[in-house]
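With the first letter of the sequence shown counted as 1, position 133 gets the number 583 in the UniProt record's numbering; the numbers rise by one all the way through. A virtual CB, placed ideally from N, CA and C, is assigned to each residue, including glycine. Remarks on the structure that follows.
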Amino acid sequence: EAKSAGRNRAAFYEEAMDEQVQNRHVIEAELREALRNPGQLWVAFQPLCGDAEEVLGAEALLRWTHPQIGMIPPSRFIAIAESTGLIEQLGEFVLRRAAELGAHWPGRTIAVNISPAQLRNPTFAERVFALLRETGMRPADLEIEITEGILLDDESTAANTIRSFRAAGIRIALDDFGTGYSSLSYLKRYPVDRIKIDRSFIAQLSTANASDAIVQAMVTLAHALDIEVTAEGVETEEQFQALIGMGCNTFQGYLFSKPLTVDDIHTRFAAPLPRVA
Ligand code: C2E
Ligand code: MG
Ligand code: MG
Ligand code: MG
């Protein structure tokens with residue numbers, strides 16, 4: 451009886467926490483707490499694969515395991531972290547984990563998502579360069595993922611930061627490609643090393659004819675501009691084969707691997723075994 455009352459209380463508490471998680475002030479406070487207790491925050495790495503399913507690198511993805519709430523997805527907290535400035539500390543944490551991994555695996559590309567708020571900070575580039583020197587990671591193995599809309603004008607700090615990254619040999623990828631409204635003009639103004647076709651296009655391959663044409667056009671455009679192209683969110687063999695047929699040659703998605711713990715990505719890098727069905 452006492453036990454079941456305890457269970458009810460726990461269930462009630464969990465429900466209450468669940469509701470509170472919707473509240474940005476709660477998220478902000480809990481995130482500050484998480485930054486003081488780094489065990490809650492960790493970085494997952496999703497393999498980036500070639501057309502023979504070999505592992506070419508990995509994308510760093512921030513994870514938050516809250517002691518009471520459990521996993522809180524980035525979609526619930528990244529925007530809040532951006533608007534409160536906490537993204538700077540979070541981003542630094544992710545970059546450090548990524549650089550530690552990259553330093554161990556020269557030749558593998560390690561991609562990191564960077565928020566507009568980070569790029570607008572005039573000290574950001576210097577801190578990234580310092581981190582590379584400190585860890586020994588080669589600049590050419592680091593890929594900075596940005597989204598359209600970051601670079602609104604040429605004179606901005608963000609544009610200068612991107613230019614100094616490229617000058618240092620760091621790679622730039624345009625994430626969620628095709629979802630913004632300026633994708634094409636963007637490529638003309640800002641040279642990038644890779645576009646990542648948003649997974650909304652991949653999910654509709656072969657079920658919506660227009661998607662096939664659009665993805666084919668993106669792959670062709672990228673190759674014409676000598677830009678690498680990666681399909682995001684590849685989940686089925688059919689999607690994979692369709693993309694291969696279009697000339698796409700790098701892939702991420704659950705078909706190859708979900709995001710992995712750092713131990714598992716080390717294992718994957720050490721022994722790039724074929725995907726297990
Ligand atoms: P993104 O950069 O486009 O990352 C890809 C997202 O797709 C990840 O979600 C990944 O887990 C998910 N994904 C990968 N393969 C598949 C698949 O086959 N199917 C499906 N349905 N999903 C797949 P995640 O980790 O929840 O991250 C969501 C977004 O949050 C990221 O989108 C990125 O914009 C942002 N994010 C994650 N980590 C960071 C970070 O460290 N800093 C910043 N600024 N943003 C981050
Ligand atoms: Mg990304
Ligand atoms: Mg993306
Ligand atoms: Mg995305």
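Buried or exposed (CB count within 10 angstroms, at least 16 for buried), LYS708: Start at 1 with the first residue of the sequence shown, and residue 708 comes out as number 258. So LYS708 ends up on the exposed side.
Just grab the DSSP bridge partners of residue 730 for me. Residue 730 cannot be examined here, being either before or after the span of the chain that is shown, 451 to 727.
Between ILE528 and ligand 1, is the CB less than 6 Å from at least one heavy atom? For the purposes of this step, residue 528 is taken as the residue at position 78 of the sequence shown. Yes, Cβ of ILE528 sits closer than 6 Å to a heavy atom of ligand 1.
Compare the beta carbon distance of LEU624 and ILE645 with 7 Å and say whether it is the shorter of the two. Taking the sequence shown and counting its residues from 1, the one referred to as residue 624 is at position 174. Taking the sequence shown and counting its residues from 1, the one referred to as residue 645 is at position 195. Cβ atoms of LEU624 and ILE645: closer than 7 Å.
Spatial distance of residue 393 from THR573 (CA atoms): Outside the modelled stretch of the chain, which goes from 451 to 727, sits residue 393, for which no answer is possible.
For LYS708, which of helix, strand or coil comes out of DSSP? Walking along the sequence shown from the start, residue 708 turns up at place 258. Looking at LYS708 - three-state DSSP - the assignment turns out to be coil, as it is neither helix nor strand.
Could you name the residues whose beta carbon sits closer than 7 Å to any heavy atom belonging to ligand 3, keeping them in chain order? ASP625, ASP626, LYS646, ASP648, ARG649 and GLU682
Just to confirm the assignment, what range does the beta strand (DSSP E) spanning THR680 have? Taking the first residue of the sequence shown as position 1, residue 680 is located at position 230. Per DSSP, THR680 belongs to the beta strand (DSSP E) from 678-681.
Just tell me which of ASP626, PHE495, PHE690 and THR686 has its CA closest to the CA of GLY507. Here residue 507 is taken as the residue at index 57 of the sequence shown, counted from 1. When only C-alpha atoms are compared, the closest one is PHE495.
When you measure from the CB of VAL544 to every non-hydrogen atom of ligand 1, does any distance come out below 6 Å? As a working note, residue 544 is residue 94 in the sequence shown. It does: the Cβ of VAL544 is within 6 Å (strictly closer) of some heavy atom of ligand 1.
Which value, in whole angstroms, describes the spacing of the CA atoms of ALA609 and TRP555? In the sequence shown, counting from the first residue as 1, residue 609 sits at position 159. In the sequence shown, counting from the first residue as 1, residue 555 sits at position 105. Roughly 29 Å between the two C-alpha positions.
I'd like to check one pair, ILE647 with MET668: are the Cβ atoms closer than 7 Å? Counting from 1 along the sequence shown, the entry for residue 668 is found at position 218. Counting from 1 along the sequence shown, the entry for residue 647 is found at position 197. It is a contact, given that the beta carbons lie within the stated cut-off.
Residue from ALA617, THR607 and ARG546 whose Cα sits closest to the Cα of GLU584: Translated into positions along the sequence shown, residue 584 becomes position 134. Among ALA617, THR607 and ARG546, the Cα nearest to that of GLU584 belongs to ARG546.
Rounding to the nearest angstrom, what Cα-Cα distance links PHE615 and ALA580 in this structure? Taking the first residue of the sequence shown as 1, we reach residue 615 at position 165. Taking the first residue of the sequence shown as 1, we reach residue 580 at position 130. Taking the straight line from one Cα to the other gives about 12 Å.
Can you list, in chain order, the residues of its chain with a C-beta nearer than 6 Å to that of ILE715? Leave out the 5 residues immediately preceding and following it. Sequence index remark: in the sequence shown, residue 715 carries index 265 (1-based). Result list for ILE715: PHE495 and ALA508, in chain order.
According to the Cβ coordinates, are PRO497 and ARG649 closer than 7 Å? What you label residue 497 is simply residue 47 of the sequence shown in a count that begins at 1. What you label residue 649 is simply residue 199 of the sequence shown in a count that begins at 1. For PRO497 and ARG649, no; Cβs fall outside 7 Å.
Less than 7 Å between the beta carbons of ASP643 and ARG621, yes or no? For this step, residue 643 is matched to residue 193 along the sequence shown. For this step, residue 621 is matched to residue 171 along the sequence shown. Yes; because the gap between Cβ atoms is below 7 Å, this pair is in contact.
Short check: CB of VAL562 to CB of ALA502, under 7 Å? If you number the sequence shown from 1, residue 562 lands on position 112. If you number the sequence shown from 1, residue 502 lands on position 52. It is not a contact, given that the beta carbons lie outside the stated cut-off.
If we count the other Cβ atoms within 10 Å of its Cβ and call it buried at 16 or more, is ILE694 buried or exposed? Locating residue 694 in the sequence shown gives position 244, counting from the first residue. Classification for ILE694: exposed.
Closest by C-alpha distance to ARG577, when choosing among GLU538, ALA590 and GLU593: Within the sequence shown, numbered from 1, the residue matching residue 577 stands at position 127. Among GLU538, ALA590 and GLU593, the Cα nearest to that of ARG577 belongs to GLU538.
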